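Quick note on numbering: the sequence shown equals residues 272 to 667 in our numbering. Glycine included, each C-beta is placed from N, C-alpha and C at the ideal position. All of these numbers come straight from a predicted model, not from anything done at the bench. Written out below as structure tokens is the structure these notes cover.
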Amino acid sequence: MSRPRRTTVAARVLIAAALLAVIARIGGRTVLSRAVERRLNRTLVRSPYSASPAAARLHRELVVADLHADSLLWGRDLLRRSTTGHLDVPRLIEGNVALQALSACVRVPLGLNVERNDGRTDAVILLALAQGWPRATWHSGLARALHLAARARGMADRSAGRLTVVDSAAVLAGYLERRRSDPAMTACLLTIEGGSALDGDPRNVDVLADAGFRMVGPVHMFDNPFAGSASGVGKGGLTKRGRELVARLEARRIVVDVAHASAATIDDVLAMATRPVVASHTGLRGTCDTVRNLSDDQVRGIAATNGIVGVGFWPTVTCGRDPAAIARSVVHAVDVAGIDHVGLGSDFDGAVPVPFDATGLVQLTDALLSVGLDSPAIGAIMGGNVIRLLREALPG
Numbered sequence: 272m273s274r275p276r277r278t279t280v281a282a283r284v285l286i287a288a289a290l291l292a293v294i295a296r297i298g299g300r301t302v303l304s305r306a307v308e309r310r311l312n313r314t315l316v317r318s319p320y321s322a323s324p325a326a327a328r329l330h331r332e333l334v335v336a337d338l339h340a341d342s343l344l345w346g347r348d349l350l351r352r353s354t355t356g357h358l359d360v361p362r363l364i365e366g367n368v369a370l371q372a373l374s375a376c377v378r379v380p381l382g383l384n385v386e387r388n389d390g391r392t393d394a395v396i397l398l399a400l401a402q403g404w405p406r407a408t409w410h411s412g413l414a415r416a417l418h419l420a421a422r423a424r425g426m427a428d429r430s431a432g433r434l435t436v437v438d439s440a441a442v443l444a445g446y447l448e449r450r451r452s453d454p455a456m457t458a459c460l461l462t463i464e465g466g467s468a469l470d471g472d473p474r475n476v477d478v479l480a481d482a483g484f485r486m487v488g489p490v491h492m493f494d495n496p497f498a499g500s501a502s503g504v505g506k507g508g509l510t511k512r513g514r515e516l517v518a519r520l521e522a523r524r525i526v527v528d529v530a531h532a533s534a535a536t537i538d539d540v541l542a543m544a545t546r547p548v549v550a551s552h553t554g555l556r557g558t559c560d561t562v563r564n565l566s567d568d569q570v571r572g573i574a575a576t577n578g579i580v581g582v583g584f585w586p587t588v589t590c591g592r593d594p595a596a597i598a599r600s601v602v603h604a605v606d607v608a609g610i611d612h613v614g615l616g617s618d619f620d621g622a623v624p625v626p627f628d629a630t631g632l633v634q635l636t637d638a639l640l641s642v643g644l645d646s647p648a649i650g651a652i653m654g655g656n657v658i659r660l661l662r663e664a665l666p667g
């Protein structure tokens, strides 16, 4: 019974890819990508967003940093304000976001779910065809990652200083110094979501490092040759190649991200880590008990590496649909890990609904005030902890 289903899925993929290629050839790339994104990257409440005067004052003083967004995937020019998706440079600046991690998500399965996926299908090829990505990207995760990195750097080059790609501690320090006198700018950190970007070879860490990627998650939504996924079939731990991958990442001062890792993979990474580990976008089982979220022991383990848990914004990980649900997750993370080990991991533009777009982050500041956190604690959570980690972890 399984063979006909595999044939049917393959046929559907080929038909969809062919249709997307035809649409792209007749000039429908932008329209098609935008239509898909509008359906997937929804905002539960549209802007403008309100907040208390105290929250608005505090938010203006913060250095906000977020550990995960998939905005590079959708083909939008992020230098232009859009009503589609969750962020762009103008909206990041309006939301007082000093640094936004932008992920290269290079392969996801069709029929995506948080419980059980295999890696037989590839939804990203459909976006690649629709957006006219280079032919090399059709079959190579590494080529896709390099294409997305080039897109980010191209936008930075055209931004007249409004967007900086942070790839070293020196670049970060210089950017933050400039931003003190001119807050009308933002920065991005290039990250990898899933080992598919390595095309199976741990030695490609050097290629990604040279392209400016500074955080890598060994696994995404399905098991791969490096590690098991929390949403995979086998959900195993690090393989021999996976251990080599983690060692190479640490040697190149690339932060290891366990956001989508299986419990066994998280245990294996924490056991061998010599540098801070992050979970860039996740939730807490203590407030929302789902397979996607971290146990308290896993949170403590990440904190023990001097790492950070990036609290996600979407309902699957918060079990809620408003800023208060995010704040509940943050408070639990602080109670378990300590104030120095909690940050933001929105998953903006990650094919998930969120309570607000980047201009509405002041509502989270307001929610954190409402649960009794003081200004220094909110400053650490909203970005101070991430900036500290990057100062210490990035190459000089």
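Do residue i and residue j have their C-beta atoms within less than 8 Å of each other?
| i | j | result |
| --- | --- | --- |
| VAL580 | PRO547 | no |
| ALA629 | LEU363 | yes |
| ARG429 | THR457 | no |
| MET237 | ASN564 | In the structure as shown, the chain starts at 272 and stops at 667, and residue 237 therefore has no counterpart that could be examined. |
| ALA530 | SER551 | yes |
| ALA340 | GLY614 | no |
| LEU373 | LEU461 | yes |
| ALA423 | VAL436 | yes |
| VAL368 | LEU632 | yes |
| VAL478 | ILE463 | no |
| ALA535 | LYS506 | yes |
| ILE652 | LEU639 | yes |
| SER646 | LEU329 | yes |
Locate the alpha helix (DSSP H) running through residue i, then write down its first and last residues.
| i | result |
| --- | --- |
| HIS418 | 412–429 |
| VAL607 | 594–608 |
| VAL442 | 440–452 |
| HIS330 | 324–332 |
| VAL588 | 586–589 |
Measuring only from the beta carbon, is residue i closer than 7 Å to any heavy atom that is part of the ligand HEM?
| i | result |
| --- | --- |
| ALA322 | Absence of the ligand HEM from the depicted structure is noted, as is the absence of any ligand whatsoever, leaving it without description. |
From the DSSP output, in three-state form, read off residue i for me.
| i | result |
| --- | --- |
| THR392 | coil |
| ALA498 | coil |
| GLY557 | coil |
| MET653 | helix |
| GLY631 | helix |
| ALA340 | strand |
| ILE297 | Note that ILE297 has pLDDT 41, beneath the 50 cutoff, so the model's placement of it is unreliable and the number below is only indicative. Looking at ILE297 - three-state DSSP - the assignment turns out to be coil, as it is neither helix nor strand. |
| LEU615 | strand |
| ALA292 | Here ALA292 scores only 47 on pLDDT, less than 50, and its place in the model should not be relied on; the value that follows carries that caveat. Three-state DSSP puts ALA292 in a helix. |
| VAL487 | strand |
| VAL307 | helix |
| THR576 | coil |
| THR314 | strand |
| ASP620 | coil |
| VAL570 | helix |
| ALA455 | coil |
| THR510 | coil |
| SER321 | coil |
| LEU409 | Just to set this straight, residue 409 is Trp in the shown sequence, not Leu. Helix at TRP409. |
Specify, as a first and last residue, the run of the beta strand (DSSP E) that residue i falls within.
| i | result |
| --- | --- |
| ILE658 | No beta strand (DSSP E) contains ILE658, which is instead part of the alpha helix (DSSP H) from 656–664. |
| GLY581 | 579–582 |
| ALA648 | From DSSP, ALA648 is part of no beta strand (DSSP E) but of the alpha helix (DSSP H) over 646–650. |
| THR435 | 434–436 |
| ASP337 | 335–337 |
| VAL504 | Element bounds for VAL504: n/a, residue is neither H nor E. |
Look up residue i in the DSSP assignment and give the residues it is bridged to.
| i | result |
| --- | --- |
| LEU383 | Its beta-bridge partners do not exist; DSSP assigns none. |
| CYS376 | GLU464 |
| VAL625 | THR314 |
Against chain C, does residue i count as a neighbour if the rule is that its beta carbon must be under 8 Å from one of theirs?
| i | result |
| --- | --- |
| GLY346 | The question asks about chain C, but that chain is absent: this structure has only one protein chain. |
- request: Could you tell me which uninterrupted beta strand (DSSP E) segments, each at least 3 residues in length, are contained entirely in the stretch 457–485, listed from first to last along the chain?
  value: 457–464
message: Going residue by residue through the stretch 513–564, where are the continuous beta strand (DSSP E) segments of at least 3 residues, counting only ones entirely within it?
response: 526–528 and 548–553
field: Residue ranges of each alpha helix (DSSP H) within the stretch 345–374, 4 or longer
entry: 360–365
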